[in-house]
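**Q** Input: one structure, supplied below.
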Amino acid sequence: MKEVSFGQYYPVSSFVHRLDPRMKLFFLVAFIVAIFVADSFYGLAVCAFVLALVVAWSKVPVLKVFRAVRGVLFLALFTAAINLLFHTGETVYWEYGILCISKEGILFSAYLILRLFLLVICSSMLTYTTTPVSLTDGIESILTPLKWVKFPVHALALIMSIALRMIPTLMEETERIKNAQTARGANFESGNLFKRIKAFIPVLIPLLLSAFRRADELSDAMEARCYKGEKRTKYKKLQFTWRDLVVLFVIAALITGVALLRVYVGEIL
Amino acid sequence: MHAIEFRDVDFAYGEGEFRIQKLNFSVEKGEFVAILGHNGSGKSTLARLSNGILLPDAGEIRVFGTLLDEKHLYDVRSRVGVVFQNPDNQTVASVVEDDIAFGAENVGLAREEIGKRIDFALSAVGMEAYRDATVARLSGGQKQRVAIAGVLALRPDVMILDESTAMLDPKGRREIMEVVQKLNRDEGVTVLLITHFVEEALLADRALVMSKGGIVMQGAPAEIFSRGDELLAYDLTLPRIGIIAKRLREGGMSVSDTLDVEKLAEEIAGCVS
């Protein structure tokens, strides 16, 4: 089976792994805020430093962390290229019609790429260090107030955790169907984009059918294990510990840091 | 009082398409019963009827004397667990421990009790070392053992295995059968093993053969398998050991129709020397 990088849990025991998922979600939100508050490379450097701390405390191999970036590499380069060519500035190195490459353009593109990478790495750190179950538990707990307005919080959390649980199974299945169709002479590798998409239909239809069959069997299995959607207890109870307090301090320091840099140092572009 | 009792049960998926017709049988507490049958014989429908995933159109099903109806659905389901065929379609959670907890959470047990149940279920299926493992990375046999543990966490009196070994390799199949035998012997769990592998039925106290929605043969496995031609009529074959003994007899060797490998080996040795 191919290694799925994004959204895969990396099972080790570490400081970050043992954090409360709610605190990790809060950290992600705070981090995103910090990235957008940081309007200079100094600000991003502070964010990168904090993220490096997180990676170090998580015991997730650095190579794996960088692998998460691969998925958005094309998007990053595309955005950077557009900005590089269209961003006007004072120090112009090259010009052709409306296109120009300037010092400011280069800096701004670099700034954008860096921001995107920090964002992606931070969110994959969340999935590397948090099991889907505890993540959905966290989301469920955060959304609990919505129960007051009759929002089916538990059902939503269950749907999410089953979807996450089914990802590897369905990936395996896709691979199997692809192999089966290849053996029957299907060609997924050549032809133009339209042809390739068309070649995928014989994969998608069996996949969809089997997903429905799986859903049907899973619902039987859940019912057989007394699932009725209400009056459930929870085995894993979320609890804040001293670790989460540490994270709270880190978040406070991070936000204060980037905010101060923004006010006193200002834009460096 | 029977563990499970079917009385004149009818069930049809659609108008006139009977899957189960006038089915009568019972299973005693602590018994290990194998149900054999070819595809479409109604044996999986029987499993789904036994814990109320399907409700009968006519007749009644009783579980430890309790009538299985809408009102007693969850009482019955917590006493009768079902392990299904495909291990990938039974696990709800990504991590072994969380999946085993699912059933226990559904019936509203306290946290400490759920923890104890998980310990018990994991050790019963010999998967203690995999408590924090990701289900997707386990082998087929291991996944199916997790599925069994998930059912065991509800502490059922009866466990139904609906072709639970059909998708496994020989090693996985052996693992599951060992676990099932152990549960039946040590924990006193009543086992209803639905299968089309005749070899597995040899381990049971009693075997039932189903065809076209009814029970057509029943008795001790050895007795059932001594009626090879009849089995063939229901699209079932003898276990391999039985076929060997039969061929040897046809070839003129005087061996009995035993299904015990050791015994047959001794008899052959006796004939040869």
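Residue numbers (our numbering), protein chains in the order written: chain A, 3 to 271; chain B, 5 to 277.
Backbone N, C-alpha and C fix where the C-beta goes; we use that ideal spot for every residue, glycine too.
Taking all protein chains shown into account, decide if E21 of chain B is buried (16 or more other Cβ within 10 angstroms of its Cβ) or exposed.
**A** Label assigned to E21 of chain B: exposed.
**Q** Count the other CB atoms, across all protein chains shown, that sit within 10 Å of the CB of E5 of chain A; report buried if there are 16 or more and exposed otherwise.
**A** Note that E5 of chain A scores 41 on pLDDT, short of 50, meaning its location in the model is unreliable and no value can be drawn from it.
**Q** Who are the Cβ neighbours of F202 of chain A in its own chain at under 8 Å, not counting the five residues just before and after it?
**A** Hits under 8 Å: F190.
**Q** Under the DSSP definition of a beta bridge, which residues are partnered with C102 of chain A?
**A** Per DSSP, A:E97.
**Q** Decide if the stretch 81–90 of chain A is in contact with the stretch 140–151 of chain A; the criterion is three or more beta carbon pairs, one per stretch, under 8 Å apart.
**A** Short answer: they don't touch.
**Q** Counting only Cβ pairs nearer than 9 Å, list the residues of chain A close to Y78 of chain B.
**A** Simply C228 and K230.
**Q** Please report the straight-line C-alpha distance between Q10 of chain A and K105 of chain A, rounded to a whole angstrom.
**A** For Q10 of chain A and K105 of chain A, the distance between alpha carbons rounds to 39 Å.
**Q** Counting only Cβ pairs nearer than 9 Å, list the residues of chain A close to G85 of chain B.
**A** Residues of chain A passing the Cβ test: A226 and R227.
**Q** By the criterion of Cβ-Cβ separation under 8 Å, what are the contact partners of I164 of chain A in chain B?
**A** Within 8 Å Cβ-Cβ: V96.
**Q** Please give the ranges of any alpha helix (DSSP H) in the stretch 95–157 of chain A, keeping only runs that are unbroken, at least 4 residues long and fully inside the region.
**A** Fully enclosed alpha helix (DSSP H) runs of 4 or longer: 105–131 and 134–145.
**Q** Rounded to the nearest angstrom, what separates G274 of chain B and V265 of chain B at their Cα positions?
**A** The alpha-carbon atoms of G274 of chain B and V265 of chain B are separated by roughly 14 Å.
**Q** Kindly indicate which three-state DSSP category L21 of chain A falls into: helix, strand or coil?
**A** The answer is coil: DSSP assigns L21 of chain A none of H, G, I, E or B.
**Q** Which partner residues of R210 of chain B appear in the DSSP bridge assignment?
**A** DSSP, once it has assigned bridges, lists B:V37 as partnering R210 of chain B.
**Q** Straight-line CA distance for V84 of chain B to E175 of chain A?
**A** Rounded to the nearest angstrom, the two C-alpha atoms are 31 Å apart.
**Q** Going by CA-CA distance only, name the one from B:Q146, B:R115 and B:N55 that's closest to V99 of chain B.
**A** It is B:Q146.
**Q** In whole angstroms, what is the alpha-carbon distance linking P260 of chain B and E219 of chain A?
**A** It is Ser, not Pro, that sits at residue 260 of chain B in the sequence shown. One C-alpha to the other measures close to 44 Å.
**Q** Following a CB-centred definition, is F242 of chain A positioned closer than 7 Å to any heavy atom of the ligand ATP?
**A** In terms of ligand content, the structure shown is empty, and the ligand ATP therefore cannot be addressed.
**Q** List the residues of chain C that E109 of chain B touches, going by C-beta distances under 7 Å, in chain order.
**A** Reference to chain C is not applicable here, since the protein chains of this structure are A and B.
**Q** Using the beta-carbon count (16 or more within 10 Å), is V205 of chain A buried or exposed?
**A** Counting Cβ neighbours within 10 Å, V205 of chain A comes out buried, since at least 16 surround it.
**Q** Out of A:V48, A:M25 and A:S136, state which residue places its alpha-carbon closest to the alpha-carbon of A36 of chain A.
**A** For A36 of chain A, the nearest C-alpha among the options comes from A:V48.
**Q** Which two residues bound the contiguous beta strand (DSSP E) that contains A97 of chain B?
**A** Taken as a continuous stretch (DSSP letters only), A97 of chain B belongs to no beta strand (DSSP E), as it is neither H nor E.
**Q** Between R245 of chain A and L53 of chain A, what straight-line distance do the alpha-carbon atoms span, to the nearest angstrom?
**A** So the two alpha carbons sit approximately 16 Å from each other.
**Q** How far does the alpha helix (DSSP H) with Q185 of chain B in it extend, from its first residue to its last?
**A** Unbroken alpha helix (DSSP H) run through Q185 of chain B: P174 to D190.
**Q** Return the chain-ordered ranges of every alpha helix (DSSP H) run that is complete within the stretch 237–266 of chain B and spans a minimum of 4 residues.
**A** Listed in chain order, they are 244–254.
**Q** Taking contact to mean 3 or more Cβ pairs, one atom from each stretch, closer than 8 Å, check whether the stretch 183–191 of chain B and the stretch 10–18 of chain B are in contact.
**A** Verdict: no, contact absent.
**Q** How is Y134 of chain B classed by DSSP in three states: helix, strand or coil?
**A** Three-state DSSP puts Y134 of chain B in a helix.
**Q** What three-state label does DSSP hand S215 of chain B in the structure shown?
**A** Looking at S215 of chain B - three-state DSSP - the assignment turns out to be strand.
**Q** With a threshold of 6 Å on Cβ separation, who are the neighbours of M131 of chain B within its own chain once the five nearest residues in sequence on each side are excluded?
**A** Taken in chain order, the residues that qualify are R149.
**Q** Take L236 of chain B as the anchor and find which of B:S215, B:L142 and B:L156 has the nearest alpha-carbon.
**A** Measuring from the Cα of L236 of chain B, the nearest candidate turns out to be B:S215.
**Q** Is the beta carbon of Q89 of chain B closer than 8 Å to that of A223 of chain A?
**A** Not closer than 8 Å, so no.
**Q** In this structure, does DSSP put I283 of chain B in helix, strand or coil?
**A** With chain B covering 5 to 277 only, the question about residue 283 of chain B has no answer from this structure.
**Q** Would you say L72 of chain B reaches chain A, if we count a Cβ-Cβ gap shorter than 8 Å as a contact?
**A** Taking Cβ atoms only, chain A never reaches closer than 8 Å to L72 of chain B, which makes this a no.
**Q** Do you know whose CA, among A:V57, A:G140 and A:L101, lies nearest K236 of chain A's CA?
**A** That would be A:G140, whose Cα lies nearest to the Cα of K236 of chain A.
**Q** Please list the partners that D173 of chain B has in chain A, where partner means a Cβ-to-Cβ separation under 8 Å.
**A** Under the 8 Å cutoff, chain A gives no residues; its nearest Cβ is about 16 Å from D173 of chain B.
**Q** Run the CB neighbour count on W96 of chain A, radius 10 Å, all protein chains shown included, and call it buried at 16 or more, exposed below.
**A** So W96 of chain A counts as exposed.
**Q** What is the DSSP secondary structure of G119 of chain B, counted as helix, strand or coil?
**A** Helix, per DSSP.
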